[in-house]
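For reference, the structure is listed below as structure tokens.
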Amino acid sequence: MNARKKRRLYFVLALLVAGTGGAALVITALKDNVLYFYSPSDLAAKPVSPGTAFRIGGLVENGSLKHGTGAEVTFTVTDGKNSVPVKYEGVLPALFREGQGVVASGALDGKGMFDASEVLAKHDERYMPPEVVDALKRSGRWKEGGT
Amino acid sequence: MTAEIGQLALTLALALSLVMAATGLSGARVTAGVSRRVASSSAMGLLVFILLAFGTLEYASIVSDFSILNVANNSSLAKPLLYKITGVWGNHEGSMLLWVLVLALYTAAIAFAKRGSERLTSAALGVQGLLAAAFLIFILFTSNPFLRIDPPPFDGSGLNPLLQDLGLAIHPPTLYIGYVGLSASFAYAGAALITREFDASWARAARPFMLAAWIALTIGITLGSWWAYYELGWGGFWFWDPVENASLMPWLVGTALLHSALATERTGAFRTWTLLLAIAAFSLSLIGTFLVRSGVLTSVHAFANDPERGAYILIMLVLAIGGALALFAWRAPALETGSAFEPVSRETALLVNNVLLVTAVATVFLGTLYPLFLDAFTGTKISVGPPFFAVTFVPVFVALLIALPFGPRLAWHKSEIAEAIRPLMPALGVALVAAAIVSVLADSHVLVAAGAFGLAGWVISASLLDLFQRRVKTAAAFAVAIAHAGLGVTLMGVAGTTLWRAETLSLLGPGDTAQVGPYTLTMGHLERADGSNYAAIRADILVSKGGEKIATLKPAKRVYPTEQQETAETAIRTNGISDLYLALGDERGTGRFIVRAYYNPLAPFIWFGGAIMALGGLTSLWGRLSARSAQPAANTVPAE
Chain Y
1 MNARKKRRLY
11 FVLALLVAGT
21 GGAALVITAL
31 KDNVLYFYSP
41 SDLAAKPVSP
51 GTAFRIGGLV
61 ENGSLKHGTG
71 AEVTFTVTDG
81 KNSVPVKYEG
91 VLPALFREGQ
101 GVVASGALDG
111 KGMFDASEVL
121 AKHDERYMPP
131 EVVDALKRSG
141 RWKEGGT
Chain P
1001 MTAEIGQLAL
1011 TLALALSLVM
1021 AATGLSGARV
1031 TAGVSRRVAS
1041 SSAMGLLVFI
1051 LLAFGTLEYA
1061 SIVSDFSILN
1071 VANNSSLAKP
1081 LLYKITGVWG
1091 NHEGSMLLWV
1101 LVLALYTAAI
1111 AFAKRGSERL
1121 TSAALGVQGL
1131 LAAAFLIFIL
1141 FTSNPFLRID
1151 PPPFDGSGLN
1161 PLLQDLGLAI
1171 HPPTLYIGYV
1181 GLSASFAYAG
1191 AALITREFDA
1201 SWARAARPFM
1211 LAAWIALTIG
1221 ITLGSWWAYY
1231 ELGWGGFWFW
1241 DPVENASLMP
1251 WLVGTALLHS
1261 ALATERTGAF
1271 RTWTLLLAIA
1281 AFSLSLIGTF
1291 LVRSGVLTSV
1301 HAFANDPERG
1311 AYILIMLVLA
1321 IGGALALFAW
1331 RAPALETGSA
1341 FEPVSRETAL
1351 LVNNVLLVTA
1361 VATVFLGTLY
1371 PLFLDAFTGT
1381 KISVGPPFFA
1391 VTFVPVFVAL
1401 LIALPFGPRL
1411 AWHKSEIAEA
1421 IRPLMPALGV
1431 ALVAAAIVSV
1441 LADSHVLVAA
1451 GAFGLAGWVI
1461 SASLLDLFQR
1471 RVKTAAAFAV
1481 AIAHAGLGVT
1491 LMGVAGTTLW
1501 RAETLSLLGP
1511 GDTAQVGPYT
1521 LTMGHLERAD
1531 GSNYAAIRAD
1541 ILVSKGGEKI
1551 ATLKPAKRVY
1561 PTEQQETAET
1571 AIRTNGISDL
1581 YLALGDERGT
1591 GRFIVRAYYN
1601 PLAPFIWFGG
1611 AIMALGGLTS
1621 LWGRLSARSA
1631 QPAANTVPAE
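Chains as they are written, first to last, in this note's numbering: chain Y, 1 to 147; chain P, 1001 to 1640.
Below you can see the structure in the form of structure tokens.
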């Protein structure tokens, strides 16, 4: 084997080792660290066990936002067909409004309440999270051009 | 008139870019001297017309010409002048115009600097011409910033307040200088394949552009991280947001390219690989542009978008990357491989560097794009967050950092392990001492912290040691030591902030107190602090430590009526070692506000490290350019 072939071989071997290692890391990591997105209707159709982290999205139901005594708030996320109560402790995003799109990540507690660790709203007045648009389209509540 | 001037300038720029593409590529033939001169002048003309178009849009924004749709949608009368200027690139159309402006700047620089042979420069200009034409067509047909609106509104609808910030003035242009700068390496690599000048001359010609792009990307990413830290009010410095990843990937490949090209220049090793990396680095820039501009992502960076644009960018992406790879596949077999090297050598060290960096890119790439593919093919919506990257990216980088100090110690071609290890013993000592000190001082995450700081001590001390032990201290040696040490500094910042951050969320009225880290916060009075285009409320929060008053911080909350948006103006007190970070939230009940407080130990190191790395890049660039002017024939020296 000449030097050139030997060098190629090292190179390919190094790439293979790193590639396999990387792939193994990625696969285990994806299995444990991925958050699925569900709309309230998805959740009604196929319940998720309490404690399993996922993301939920839809519109903040009108009249559902309630502040607690401290930093905690509760509100309801709806896609027009089904809804899920959400509680959150923290600062709501600047554009969080009743009737507007929202995405929250967290997990269900034992009583069917979604305990959010993070709440995202749209970033400006022209923007709606794509997952929410999709969820509303599926529940038939999406109006083109209006939010 | 302004809109018509801008439109005309863009159209002429498109025509010139097509001329440049045709003449530049035909100038790759030996006899086509005239074509080469035409390509060179077209490059200058292109810059002039794109500057004119950009200047026109700036003018329209400054004088609030709301008859132009783009200005009406993204500006307003009350907006401060600074943001009228910088707001031009705070929207999709304007940012694309900035993109081609930077492309035109690099193109003109290639034509002006004439690095490498005449044929190589000409072919590189041809490739740049194709890129410029593709982007100008994209702008003219899907993202025209000069569209009219009739009748013009009395006032514009304003700029997203998050973007009304000095960070916005510098972050996107710097990032674009980096992103688009990689096009120069791409163009030179393409030119090498077209002209069959496969020796190291193309890499030598592209080196300053490569460095400039890398420096700008480093600064751009650092600034972006810092901007997100103080402007978004979430207290974090990196969110593994797909758009952040989109800028990190070209940076990682660009870093691999800088290292691999070094070997190609010095010994002719990795010729094929370096060409491929140059193509890959710019391809990832294009993919980044696609991710950001197509609206497929949920992100702070996603402007309101229509799918037509995404489709166009995707086609362009496929043509550019596919074309380059096809050319590569066609010509690469003709490449002669460079000199051989032994398993223990500088080349092997650079190989390890490249393999690890490319693995890191692969994990980030998968984590960023997997959700998109899954959604496209199965409709399942998932998101991949920080935990994924923590378990994939971090181990790869740990391996990289352990191996890093050996590289500069090994000789080219053939070296001895012992030769590299012996002078590194003091660095190993520093690493162990650092780990020991941290494990005594740390009150949580002791093992991880000891590992992280030991590693940082290892990298930083080994880099400095390498410099001191060298008899001849060249600019290149300084550059290597500075850049590597910067990485170690960033590592300390990331580790300190991630492991020891303290966070409290409390509801405070006047006189109430809260505790965060070593600090006690006392809410003082609240007052209005309105600006020209927003209403704001500001809190005076007294900070004390161990019963002693040390500062008053004034976090505020702004409401922008035109844009109907609120922003948190964070107040950050830094002593260079740690940050106290306050953000004012909503009012709850009577006069009590949510206050979010973070104590971020070593946070400033994250950005210091970034700045140090960029300084390392600048040192290298300075060394290259001054060596060239001192010795004008440097670029014609044949490869070893």
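Ideal placement from N, C-alpha and C gives every residue a C-beta, glycine not left out.
Terminal residues of the alpha helix (DSSP H) in which residue i lies
{"i": "residue 1601 of chain P", "result": "Segment 1592-1601 is the beta strand (DSSP E) holding residue 1601 of chain P; no alpha helix (DSSP H) there."}
{"i": "residue 1118 of chain P", "result": "1118-1142"}
{"i": "residue 1244 of chain P", "result": "1242-1267"}
{"i": "residue 1349 of chain P", "result": "1346-1378"}
{"i": "residue 1232 of chain P", "result": "Note, residue 1232 of chain P: premise wrong, no alpha helix (DSSP H); not H, not E."}
{"i": "residue 1289 of chain P", "result": "1271-1293"}
{"i": "residue 1583 of chain P", "result": "Not the alpha helix (DSSP H): residue 1583 of chain P falls in the beta strand (DSSP E), residues 1578-1588."}
{"i": "residue 46 of chain Y", "result": "Where residue 46 of chain Y is concerned, there is no enclosing alpha helix (DSSP H), given that its DSSP letter is neither H nor E."}
{"i": "residue 1073 of chain P", "result": "1069-1074"}
{"i": "residue 1157 of chain P", "result": "It is not in any alpha helix (DSSP H) - residue 1157 of chain P carries neither H nor E in the DSSP assignment."}
Bounding residues of the beta strand (DSSP E) (the contiguous stretch that carries residue i)
{"i": "residue 1565 of chain P", "result": "1565-1569"}
{"i": "residue 55 of chain Y", "result": "54-60"}
{"i": "residue 1516 of chain P", "result": "1513-1516"}
{"i": "residue 1503 of chain P", "result": "1502-1508"}
Closer than 8 Å to chain Y by CB, residue i
{"i": "residue 1594 of chain P", "result": "yes"}
{"i": "residue 1325 of chain P", "result": "no"}
{"i": "residue 1395 of chain P", "result": "yes"}
{"i": "residue 1570 of chain P", "result": "no"}
{"i": "residue 1403 of chain P", "result": "no"}
{"i": "residue 1392 of chain P", "result": "yes"}
{"i": "residue 1204 of chain P", "result": "no"}
{"i": "residue 1586 of chain P", "result": "yes"}
Rounded distance between the beta-carbons of residue j and residue i, thought under 8 Å
{"i": "residue 74 of chain Y", "j": "residue 86 of chain Y", "result": "7 Å"}
{"i": "residue 1249 of chain P", "j": "residue 1352 of chain P", "result": "The pair is not a contact, with the Cβ atoms about 20 Å apart (cut-off 8 Å)."}
{"i": "residue 1407 of chain P", "j": "residue 1388 of chain P", "result": "About 29 Å; that fails the 8 Å criterion."}
{"i": "residue 1088 of chain P", "j": "residue 1180 of chain P", "result": "Wrong, their Cβ atoms sit about 17 Å apart, outside the cutoff."}
{"i": "residue 60 of chain Y", "j": "residue 99 of chain Y", "result": "6 Å"}
{"i": "residue 1497 of chain P", "j": "residue 1606 of chain P", "result": "7 Å"}
{"i": "residue 107 of chain Y", "j": "residue 55 of chain Y", "result": "At roughly 10 Å, the Cβ-Cβ gap does not stay under 8 Å, so residue 107 of chain Y and residue 55 of chain Y are not in contact."}
{"i": "residue 1287 of chain P", "j": "residue 1317 of chain P", "result": "6 Å"}
CB contact below 8 Å: residue i versus chain P
{"i": "residue 86 of chain Y", "result": "no"}
{"i": "residue 119 of chain Y", "result": "no"}
{"i": "residue 58 of chain Y", "result": "no"}
{"i": "residue 82 of chain Y", "result": "no"}
{"i": "residue 48 of chain Y", "result": "no"}
{"i": "residue 34 of chain Y", "result": "yes"}
{"i": "residue 18 of chain Y", "result": "yes"}
{"i": "residue 90 of chain Y", "result": "yes"}
Outcome for residue i when other beta-carbon atoms lying within 10 angstroms are tallied against a minimum of 16
{"i": "residue 1001 of chain P", "result": "exposed"}
{"i": "residue 110 of chain Y", "result": "exposed"}
{"i": "residue 1265 of chain P", "result": "buried"}
{"i": "residue 1079 of chain P", "result": "buried"}
{"i": "residue 1125 of chain P", "result": "buried"}
{"i": "residue 1221 of chain P", "result": "buried"}
{"i": "residue 1247 of chain P", "result": "buried"}
{"i": "residue 79 of chain Y", "result": "buried"}
{"i": "residue 1330 of chain P", "result": "exposed"}
{"i": "residue 1259 of chain P", "result": "buried"}
{"i": "residue 1577 of chain P", "result": "exposed"}
{"i": "residue 1082 of chain P", "result": "exposed"}
{"i": "residue 1565 of chain P", "result": "buried"}
{"i": "residue 66 of chain Y", "result": "exposed"}
{"i": "residue 1525 of chain P", "result": "exposed"}
Bridge partner(s) assigned by DSSP for residue i
{"i": "residue 1557 of chain P", "result": "P:1537, P:1568"}
{"i": "residue 1484 of chain P", "result": "According to DSSP, residue 1484 of chain P bridges with nothing at all."}
{"i": "residue 1382 of chain P", "result": "Y:36"}
{"i": "residue 87 of chain Y", "result": "Y:74, Y:115"}
{"i": "residue 106 of chain Y", "result": "Y:54, Y:116"}
{"i": "residue 1459 of chain P", "result": "The partner list for residue 1459 of chain P (beta bridge, DSSP) is empty, contrary to what the question assumes."}
{"i": "residue 1525 of chain P", "result": "Residue 1525 of chain P is not bridged to any residue."}
{"i": "residue 1531 of chain P", "result": "P:1534"}
{"i": "residue 1543 of chain P", "result": "P:1521, P:1551"}
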